[in-house]
Each structure stands twice: as C-alpha cells, then as structure tokens.
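Numbering of the sequence shown is given in the working numbering, commencing with residue 22 and proceeding in unit increments.
To start, the structure under review is shown below, and the notes come after it.
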Amino acid sequence: MGTLEYNSSRPPIKVDDATLAHLKIVIGTKLRRHESFMMTWLPEDKNPAGRLTIWMHPAIPLILAFDASVTPEIDTKRIERMMEHLNARGELVLDQLA
Numbered sequence: 022m023g024t025l026e027y028n029s030s031r032p033p034i035k036v037d038d039a040t041l042a043h044l045k046i047v048i049g050t051k052l053r054r055h056e057s058f059m060m061t062w063l064p065e066d067k068n069p070a071g072r073l074t075i076w077m078h079p080a081i082p083l084i085l086a087f088d089a090s091v092t093p094e095i096d097t098k099r100i101e102r103m104m105e106h107l108n109a110r111g112e113l114v115l116d117q118l119a
C-alpha cells in the first residue's frame with residue numbers, strides 16, 4: 022500500500038501500488054500540461070466523515086511513495102479510462118478508478 026501526500030497538509034492518502042502507479046501517469050500528464058483539477062476520495066479513518074476533495078495544481082508539492090520497489094504493470098486501457106473520466110468531469114474520484 023503506497024501513499025499520496027499533497028502539500029503536506031493532511032495525513033497521506035493510502036492507495037494500493039497498482040492504482041498509485043496509474044495515478045502517477047495521469048496526474049503527471051495533467052500537471053505537466055499545467056492543467057489543474059480536483060481529486061476526491063473517502064478518508065480511510067472516516068474523519069472527517071464523507072468525502073475529501075483537493076485542488077491539484079502544478080505549483081503544489083506532491084509526493085507519491087510506493088511500498089514495493091518494483092513498478093506495477095501499467096494497463097494502458099485503465100490510463101485511458103482515467104483520463105477520459107478526468108477530462109469529462111474535471112475530477113478524479115479515487116474510489117471510482119477500477
């Protein structure tokens with residue numbers, strides 16, 4: 022289980038390594054193009070209850086920490102679905118990325 026830490030303002034978001042590897046590509050692509058977007062997830066500890074949303078911006082520090090030393094296999098179809106979803110809605114919803 023890897024983590025995604027954004028701006029060091031909250032505890033890191035826990036994400037499985039395979040999903041994190043796909044997020045790395047999608048987020049990297051958007052931020053490299055200077056395209057900001059929202060990302061939403063359900064907090065693991067349910068505190069606060071409900072969903073959390075952050076505004077992803079190229080100027081804000083982002084740390085992706087993988088648990089495994091080997092890069093997971095990348096599914097290009099999954100990347101395409103994630104990008105289509107993000108481009109259509111302007112938001113990545115982590116629990117809807119399968």
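Quick reminder that beta carbons are idealized off the backbone N, C-alpha and C, glycines included.
Going straight from the alpha carbon of residue i to that of residue j, what length do you get?
i            : j              : result
proline 82   : isoleucine 48  : 12 Å
histidine 43 : isoleucine 100 : 6 Å
proline 33   : arginine 110   : 24 Å
lysine 35    : methionine 60  : 14 Å
valine 114   : asparagine 28  : 19 Å
Going by DSSP, what residues sit across from residue i in a beta bridge?
i         : result
lysine 35 : Thr24
Is the distance from the Cβ of residue i to the Cβ of residue j below 8 Å?
i             : j             : result
serine 57     : tryptophan 76 : yes
methionine 22 : aspartate 96  : no
leucine 41    : leucine 107   : no
Who are the Cβ neighbours of residue i in its own chain at under 7 Å, not counting the five residues just before and after it?
i             : result
aspartate 116 : Trp62, Leu63
histidine 78  : Ser57
Which same chain residues, not among the five before or five after residue i, have their C-beta less than 6 Å away from its C-beta?
i            : result
threonine 74 : Met59, Thr61
glutamate 65 : Lys35
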